[in-house]
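Student: Quick one: this structure, given as structure tokens, is what I'll be asking you about.
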Amino acid sequence: MNDLHELFNTLDGRGLATLVRNGEVSPGELLETAITRVEQVEPGLNAVSERLYEQARSQASGSSVRQGVMAGVPTLVKDMFTPMTGARMTSGSHALGEFRSDIDCEIVSRLRQAGCQLIGTTTAPEFGVSYSTESQRFGATCNPWNLQHSAGGSSGGAAALVAARAIPFAHGNDGGGSLRVPASCCGVFGFKPSRGLLPSGPMVGEGWAGLSTAHAITLSVGDSAALLDATAGSDLGAPYAAPMPATPFAHAAGRDPRRLKIALISAISPWPAEPEALAALQHTVALLEALGHYVVPTTLPVQLPEFLDATFDIIGSHTQGYLDLLGKMRGFPVAMDEVEPRTRVILRERGQLPATRYISAVESMHALGRAMAGFFEEYDIVLTPTLNRAPPRLGELAFDDDSRSLQDFIALSHRYSPYTAIFNATGQPAMSVPLYWTAGFAAAGLSLRRAVWRRTDLAEPRRATGTRPAVGRTQAAAKRLCGLMRRDYWRWRDHRLRC
């Protein structure tokens, strides 16, 4: 058998699982290799919330990790409202202390049924409300391509470990861009499925009034599709569910698409994209046109400031409700000094809204969804930058002064990523595809969106065979690796995902 580390460098999750099912490698061998790889990069990344190695080792000889689409493949679960038996769940906050769940939530249960070995949890900012994974509890998670820059958020720990090739994929969730933003920052694939396609129970009925959904950050589109096959479908008592496709996602991902009419969005008021983001966008337009697709410049039917204001009405109300529940569970209320300044500002301005205002905010999301549904009667796909700029340096998105206003926080965050949250509100599938590298050798993802519950056509990047980010290496080495990837390894084909 080839060196196991070389297998991790060259195969995605499905490739590793095939070796396990064929008896060519054991789950225990993959487990120990993944642990070694995580420990190799973790000092530089700070992407792990909790190690669960011994728990995983105790289960590595069982039959459950020898079967399934991801048989024996090690991965980690995001530490954000995702209970897992025996694991600490902090949601990035000191307020949860050492709370440990005695059950698996449904998405974790389905990952286990798919054969995954769950070896730990990944870092996230407090309650997921930041586009950079930096918290007072765990510190900053670094971008594996440049340790001075952010891995994005809120699934930054997941994206950093996948980009570093410690593991081929990792669980995450997305309430405003939390899968797509870190995928863009780290140069990997991040996909937010349609609302109601993935389970959220039993702890949560719907995250942030339906804005949030779970899925994964992956090296390959094929892994993303295979994981959807393994985890999609409503759970018991779900408030609503997306219809399941007649064809498995993995089969749909291999089909050639028809010619598509693509809406090109290059600007949204009041925060225009910076030149590097526009260069990435034009690079992608040229690629899509060369593949035969029809790209049309247009604008989205949304007033961004009003939309974001309503979004934070929802986030603030849900955050207050969650902390109230936490206080009841532990027997005493959560004090404001237990949460970070950003959370205090959100609670101060939006934590005690009247019910009528909350209902109005939810209704505005529904209205936007209907407007976007009409928009997609004319277009097949929407193309935007995932981010308005290259990944920020660590600390640039920090919000450590609770005397500032919520509008200050909204401007700080959403001038950086103004597009992603829109498609959480509409419930439509959206993805960030790693299509471009900036002159500063930073990843720049491009986002594609499709009408809810329809097919999504996308360009799949070939995996960067044999390359890993320069975690802890010199800047010159990082430039050489990134240049090699840009020149020789990203090859584009059309694929289709059914969403």
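In short: position in the sequence shown from 1, add 554, done, that's the working numbering.
For glycine and all other residues, C-beta sits at the position ideal for the given N, C-alpha and C.
#1: How many angstroms separate the CA atom of P887 from the CA atom of R691?
#2: With N700 as the anchor, note down where its beta strand (DSSP E) starts and where it stops.
#3: Taking just the CA atoms, how far does T940 sit from I868?
#4: Are the CB atoms of L842 and V530 within a distance shorter than 7 Å?
#5: Would you give the residue range spanned by the alpha helix (DSSP H) that N727 belongs to?
#6: State yes or no: is the beta carbon of L845 nearer than 7 Å to at least one beta carbon in chain C?
#7: Nearest by alpha-carbon distance to L530: which of P756, S732 and R605 is it?
#8: Express the C-alpha separation of G750 and S788 in angstroms, rounding to a whole number.
#9: DSSP three-state label for T564, please.
#10: If you compare alpha carbons, which of T676, L858, S732 and D557 is closest to S918?
#11: Let me confirm a value: K632 is counted as buried when at least 16 other C-beta atoms fall within 10 Å, else exposed. Which label applies?
#12: So for L818, helix, strand or coil by DSSP?
#13: Output yes or no for whether 7 Å exceeds the beta carbon distance between L584 and P628.
#14: Going by DSSP, name the residue or residues bridged to N697.
#15: Are V936 and A796 closer than 7 Å when you measure CB to CB?
#16: Spatial neighbours of V619 within its chain, please: C-beta separation below 7 Å, excluding the five flanking residues on both sides.
#17: Measuring straight from C-alpha to C-alpha, what distance separates P945 and A705?
#18: When you compare each of G999, R1003 and R1004 to F743 by their alpha carbons, which one comes out closest?
#19: Would a C-beta distance cut-off of 7 Å place S967 and S738 closer than the cut-off?
#20: DSSP state of A614, grouped into three classes?
#21: Please report the straight-line C-alpha distance between R896 and Q906, rounded to a whole angstrom.
#22: Which residue or residues does DSSP assign as beta-bridge partners of S986?
#23: Quick check: the Cα distance between H847 and V775, rounded to an integer number of angstroms?
#24: Alpha carbon to alpha carbon, how far is T509 from M638?
#25: Exposed or buried, which one is A915 when buried takes at least 16 other CB atoms within 10 Å?
#26: Flag this pair as yes or no: are the beta carbons of G567 and D777 separated by less than 7 Å?
#27: Over what stretch of residues does the alpha helix (DSSP H) that includes L832 continue unbroken?
#28: So, A834 versus Y990, is the Cβ gap smaller than 7 Å?
#29: Flag this pair as yes or no: are the beta carbons of T677 and A601 separated by less than 7 Å?
#30: Can you tell me whether DSSP reads L960 as helix, strand or coil?
#31: Are T772 and I661 touching if we call contact CB-CB under 7 Å?
#32: Out of G741, G710, M798 and G711, which one is the CA nearest neighbour of P753?
#33: Quickly, what does DSSP pair E604 with across the bridge? List them, please.
#34: Quick one: Cα of P983 to Cα of A714, how far?
Tutor: According to the structure data:
#1: Start at 1 with the first residue of the sequence shown, and residue 887 comes out as number 333. Start at 1 with the first residue of the sequence shown, and residue 691 comes out as number 137. Going from the Cα of P887 to the Cα of R691 covers about 19 Å.
#2: Here the question's residue 700 lines up with position 146 in the sequence shown. N700 to S704 is the span of the beta strand (DSSP E), which, as asked, contains N700.
#3: Along the sequence shown, one-based indexing puts residue 868 at 314. Along the sequence shown, one-based indexing puts residue 940 at 386. Computed Cα separation, rounded: 23 Å.
#4: In this structure the chain extends from 555 to 1053, so residue 530 is not present and cannot be described.
#5: For this step, residue 727 is matched to residue 173 along the sequence shown. Unbroken run through N727 is the beta strand (DSSP E), F723 to D728; no alpha helix (DSSP H).
#6: Looking for chain C here will not work: only one protein chain is present.
#7: Outside the displayed span of the chain (555 to 1053) sits residue 530, for which this structure offers no information.
#8: Counting from 1 along the sequence shown, the entry for residue 788 is found at position 234. Counting from 1 along the sequence shown, the entry for residue 750 is found at position 196. Spanning the alpha carbons of S788 and G750 requires a straight line of approximately 7 Å.
#9: As a working note, residue 564 is residue 10 in the sequence shown. Assigned with DSSP and collapsed to three states, T564 falls in helix.
#10: The residue labelled residue 918 in the question sits at position 364 within the sequence shown. The shortest Cα separation from S918 among T676, L858, S732 and D557 belongs to L858.
#11: Along the sequence shown, read from residue 1 onward, the residue named residue 632 stands at position 78. Label assigned to K632: buried.
#12: In the sequence shown, the residue the question calls residue 818 occupies position 264. Three-state DSSP puts L818 in a strand.
#13: On the sequence shown, position 30 is the one that residue 584 refers to. On the sequence shown, position 74 is the one that residue 628 refers to. For L584 and P628, yes; Cβs fall inside 7 Å.
#14: For the purposes of this step, residue 697 is taken as the residue at position 143 of the sequence shown. DSSP output for N697 lists N700 as bridge partner(s).
#15: Numbered from 1 along the sequence shown, position 382 holds the residue referred to as residue 936. Numbered from 1 along the sequence shown, position 242 holds the residue referred to as residue 796. The answer is no: Cβ separation not under 7 Å.
#16: On the sequence shown, residue 619 is found 65 positions in, with the first residue counted as 1. The residues are P581, Q613, A625, G626, G669 and Q671.
#17: By 1-based counting over the sequence shown, the position of residue 945 is 391. By 1-based counting over the sequence shown, the position of residue 705 is 151. Computed Cα separation, rounded: 8 Å.
#18: As a working mapping, residue 743 is identified with position 189 in the sequence shown. Comparing Cα-Cα distances from F743 to each of G999, R1003 and R1004, the minimum goes to G999.
#19: By one-based count along the sequence shown, residue 967 stands at place 413. By one-based count along the sequence shown, residue 738 stands at place 184. Taking 7 Å as the Cβ cut-off, S967 and S738 do not qualify as a contacting pair.
#20: In the sequence shown, residue 614 corresponds to position 60, counting from 1. Correct three-state label for A614: coil.
#21: Numbered from its first residue, the sequence shown carries residue 896 at position 342. Numbered from its first residue, the sequence shown carries residue 906 at position 352. Put simply, the backbone Cα of R896 is about 16 Å away from that of Q906.
#22: Your numbering for residue 986 matches position 432 in the sequence shown. Bridge partners of S986: G744 and S1001.
#23: Within the sequence shown, residue 847 is the residue found at index 293, counting from 1. Within the sequence shown, residue 775 is the residue found at index 221, counting from 1. Roughly 20 Å between the two C-alpha positions.
#24: Because residue 509 is not part of the residues shown, which for the chain are 555 to 1053, the question remains open.
#25: Translated into positions along the sequence shown, residue 915 becomes position 361. Its Cβ being crowded by 16 or more others within 10 Å, A915 is buried.
#26: The sequence position of residue 567 within the sequence shown is 13, counting from 1. The sequence position of residue 777 within the sequence shown is 223, counting from 1. Their beta carbons are under 7 Å apart, which means G567 touches D777 by this criterion.
#27: Within the sequence shown, numbered from 1, the residue matching residue 832 stands at position 278. From DSSP, the alpha helix (DSSP H) with L832 extends over P829 to A844.
#28: Against the sequence shown, residue 834 aligns to sequence position 280. Against the sequence shown, residue 990 aligns to sequence position 436. Yes. Within cutoff.
#29: Position 123 of the sequence shown, counted from the first residue, corresponds to residue 677. Position 47 of the sequence shown, counted from the first residue, corresponds to residue 601. For the pair T677 and A601, the CB atoms are nearer than the 7 Å cut-off.
#30: Within the sequence shown, numbered from 1, the residue matching residue 960 stands at position 406. If DSSP states are grouped into helix, strand and coil, L960 belongs with the helices.
#31: In the sequence shown, residue 772 corresponds to position 218, counting from 1. In the sequence shown, residue 661 corresponds to position 107, counting from 1. No.
#32: Position 199 of the sequence shown, counted from the first residue, corresponds to residue 753. P753 has its Cα closest to that of M798, out of G741, G710, M798 and G711.
#33: As a first step, residue 604 is located in the sequence shown; it is residue number 50 there, counting from the start. BP columns for E604 point to T675.
#34: The residue you call residue 983 lines up with position 429 of the sequence shown. The residue you call residue 714 lines up with position 160 of the sequence shown. The straight-line gap from Cα to Cα measures roughly 23 Å.
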